[in-house]
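Residue numbers (full-length UniProt numbering): 1 to 323.
We put the beta carbon where it would ideally sit given N, CA and C, even for glycine.
What follows is a single structure, written as structure tokens, with notes after it.
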């Protein structure tokens with residue numbers, strides 16, 4: 001029987017079928033919650049006998065991996081792997097895998113829900129009515145606007161497909177452009193500076209890496225349109241939150257919506273004081289349908305590796321991580 005540790009708060013929560021799949025393949029899962037007082041001690045102790053790890057949000061460093069002599073796979077229950085030292089894992093012969101694309105529809109839907117909500121001031125209007133205040137708040141259309149998409153991977157592509165239904169003019173930036181999108185007349189790839197200065201709405205779908213850390217800072221906000229909206233459902237470190245606060249406070253840009261932050265949970269952040277700031281608790285990829293699919297991919301990644309096969313979605317160091 002293989003010993004598997006899960007620190008993910010949602011693995012197996014919305015469907016037991018991924019757990020059943022692991023059980024049928026001789027894997028016994030132990031759940032550890034980082035909300036318990038002795039989590040760190042329990043986690044290190046459990047790693048000593050673990051064959052596989054289903055990872056939530058904990059940072060996995062080389063020091064932590066030194067306590068895991070039997071570990072063969074770290075399966076991220078999700079997409080982002082910036083909390084894993086991938087190089088250190090691979091040096092120890094540990095496969096790092098994630099569930100690429102499993103939540104792409106959930107995130108793309110969320111981006112458009114957010115876009116519509118902040119553009120049409122839906123939340124503000126609902127709150128007024130609930131307080132007994134019946135008045136019209138005038139927002140803006142997103143139909144026909146210029147959308148800037150930073151990152152055209154699986155999620156970025158789904159955002160682009162939805163944007164075409166709104167007759168949006170779509171600009172894109174990616175270090176590795178998918179020219180097929182241009183050939184299909186779905187997007188126009190432009191420089192990062194052109195996208196920042198031209199788009200009415202900017203949505204981020206890039207991994208967090210040395211190249212993308214603080215990609216959106218003071219100079220970028222200075223070049224954005226005054227009516228621009230910024231949406232980040234990717235990773236918190238991509239946006240300089242102090243620079244964002246200044247841009248919103250001084251009305252350099254019209255508004256911003258973040259689902260991800262440099263430190264989570266957010267706590268008492270000064271951004272929350274601003275009327276033109278919209279915040280959600282890292283839930284863009286968390287639809288029930290997406291979580292079930294992520295669970296199955298996570299389980300199959302573990303089963304494959306422990307059976308001597310390739311993971312469905314193995315991650316390489318160039319795709320991000322703590323290295």
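Rounded to whole angstroms, what's the CA-CA distance from residue 188 to residue 175? Just pull it up for me. To locate residue 188, count along the chain shown from 1; it is residue 188. To locate residue 175, count along the chain shown from 1; it is residue 175. Those two C-alpha atoms are separated by around 14 Å.
From residue 227 to residue 116, what does the alpha carbon distance come to, in whole angstroms? Mapped onto the chain shown, residue 227 falls at position 227. Mapped onto the chain shown, residue 116 falls at position 116. So the two alpha carbons sit approximately 15 Å from each other.
Helix or strand or just coil, what does DSSP make of residue 283? Reading the chain shown from its first residue, position 283 is the one you call residue 283. Residue 283: coil per DSSP, three-state reduction.
Tell me the DSSP secondary structure of residue 171 in three-state form. Counting from one through the chain shown, the residue named residue 171 turns up at place 171. Residue state, collapsed to three classes: strand.
Should the stretch 298-313 be called in touch with the stretch 96-107, which here means at least 3 C-beta pairs below 8 Å? yes
Rounded to a whole number of angstroms, what is the C-alpha to C-alpha distance between residue 46 and residue 18? By one-based count along the chain shown, residue 46 stands at place 46. By one-based count along the chain shown, residue 18 stands at place 18. Going by the C-alpha atoms only, they are around 21 Å apart.
Going by the C-beta, is residue 281 closer than 8 Å to any heavy atom of the ligand HEM? The ligand HEM is not part of this structure, which contains no ligands at all.
At 4 residues or longer, and completely inside the stretch 114-187: list those alpha helix (DSSP H) runs for me, N to C. 122-130, 154-165, 179-183
Inter-stretch contact at 8 Å, needing at least 3 Cβ pairs: the stretch 51-63 / the stretch 71-87: yes
DSSP state of residue 245 mapped onto helix, strand, coil: As a position in the chain shown, residue 245 is number 245, starting the count at 1. Correct three-state label for residue 245: helix.
Residue 252, DSSP secondary structure in three states: Stepping through the chain shown from its first residue, residue 252 is reached at position 252. If DSSP states are grouped into helix, strand and coil, residue 252 belongs with coil.
As an exercise, report each continuous beta strand (DSSP E) stretch of at least 3 residues that is fully enclosed by the stretch 52-84, in chain order. 52-55, 73-76
Which residues in the same chain as residue 31 place their Cβ atom closer than 7 Å to its Cβ, once the five residues preceding and following it in sequence are excluded? Indexing the chain shown from 1 puts residue 31 at position 31. Only 6 meet the Cβ criterion.
Just how far apart, CA to CA, sit residue 308 and residue 129? Numbered from its first residue, the chain shown carries residue 308 at position 308. Numbered from its first residue, the chain shown carries residue 129 at position 129. Rounded to whole angstroms, residue 308 to residue 129 spans 59 Å at the Cα level.
Can you list, in chain order, the residues of its chain with a C-beta nearer than 8 Å to that of residue 94? Leave out the 5 residues immediately preceding and following it. The sequence position of residue 94 within the chain shown is 94, counting from 1. Excluding sequence neighbours, residue 94 sits near 65, 68, 71, 72, 73, 74.
DSSP bridge partner residues for residue 229 (one or two, in chain order): Start at 1 with the first residue of the chain shown, and residue 229 comes out as number 229. Answer is 201, 255, bridged to residue 229.
Alpha carbon to alpha carbon, what distance is there between residue 251 and residue 103? Within the chain shown, residue 103 is the residue found at index 103, counting from 1. Within the chain shown, residue 251 is the residue found at index 251, counting from 1. In a straight line, the C-alpha of residue 103 is about 33 Å away from that of residue 251.
Under the DSSP definition of a beta bridge, which residues are partnered with residue 5? As a working note, residue 5 is residue 5 in the chain shown. DSSP output for residue 5 lists 30, 53 as bridge partner(s).
Count the other CB atoms within 10 Å of the CB of residue 321; is the residue buried (16 or more) or exposed (fewer)? Along the chain shown, read from residue 1 onward, the residue named residue 321 stands at position 321. Bear in mind that the predicted position of residue 321 carries a pLDDT of just 48, short of 50, making it unreliable; the figure below should be weighed with that in mind. With 16 or more Cβ atoms within 10 Å of its Cβ, residue 321 is classed as buried.
Taking 9 Å as the cut-off, decide whether the C-beta atoms of residue 298 and residue 259 are in contact. If you number the chain shown from 1, residue 298 lands on position 298. If you number the chain shown from 1, residue 259 lands on position 259. Contact: no.
Are there three or more Cβ pairs, one per stretch, closer than 8 Å when the stretch 163-173 is compared with the stretch 138-150? yes
Is the beta carbon of residue 119 closer than 9 Å to that of residue 137? Residue numbering aside, residue 137 sits at position 137 when the chain shown is read from its first letter. Residue numbering aside, residue 119 sits at position 119 when the chain shown is read from its first letter. Contact flag unset, no.
Taking contact to mean at least 3 C-beta pairs separated by less than 8 Å, is the stretch 150-158 in contact with the stretch 198-213? yes
Residue 323 (DSSP reduced to helix, strand or coil): Here residue 323 refers to the residue found at position 323 when the chain shown is read from its first residue. A caution first: residue 323 carries a pLDDT of 34, below 50, which makes its placement in the model unreliable, though a value can still be read off. It is coil, neither helix nor strand.
Use the C-beta contact count for residue 8: other C-beta atoms within 10 angstroms, 16 or more gives buried, fewer gives exposed. On the chain shown, position 8 is the one that residue 8 refers to. Under this definition residue 8 is a buried residue.
Could you spell out the range, first to last residue, of the alpha helix (DSSP H) harbouring residue 96? Against the chain shown, residue 96 aligns to sequence position 96. Per DSSP, residue 96 belongs to no alpha helix (DSSP H); it is in the beta strand (DSSP E), 95-97.
Once the 5 residues before and after residue 155 are set aside, which same chain residues still bring their CB inside 7 Å of it? One-based indexing of the chain shown puts residue 155 at position 155. Once the five neighbours on either side are set aside, the close Cβ partners of residue 155 are 104, 107, 108, 205.
For my contact list, residue 215 and residue 238 are in at a C-beta cut-off of 8 Å; report their separation, rounded to the angstrom. Taking the chain shown and counting its residues from 1, the one referred to as residue 215 is at position 215. Taking the chain shown and counting its residues from 1, the one referred to as residue 238 is at position 238. So it is a contact: roughly 5 Å between Cβ atoms.
How would you write the range of the alpha helix (DSSP H) that residue 304 sits in, first residue to last? Taking the first residue of the chain shown as position 1, residue 304 is located at position 304. First-last of the alpha helix (DSSP H) with residue 304: 288-306.
With DSSP as the reference, label residue 273 as helix, strand or coil. Taking the first residue of the chain shown as 1, we reach residue 273 at position 273. Reduced to three states, the DSSP call for residue 273 is helix.
Quick check: what's the CA-CA separation for residue 323 versus residue 201? On the chain shown, residue 323 is found 323 positions in, with the first residue counted as 1. On the chain shown, residue 201 is found 201 positions in, with the first residue counted as 1. Any reading at residue 323 is ruled out, since the residue's pLDDT is 34, under 50, leaving its predicted position unreliable.
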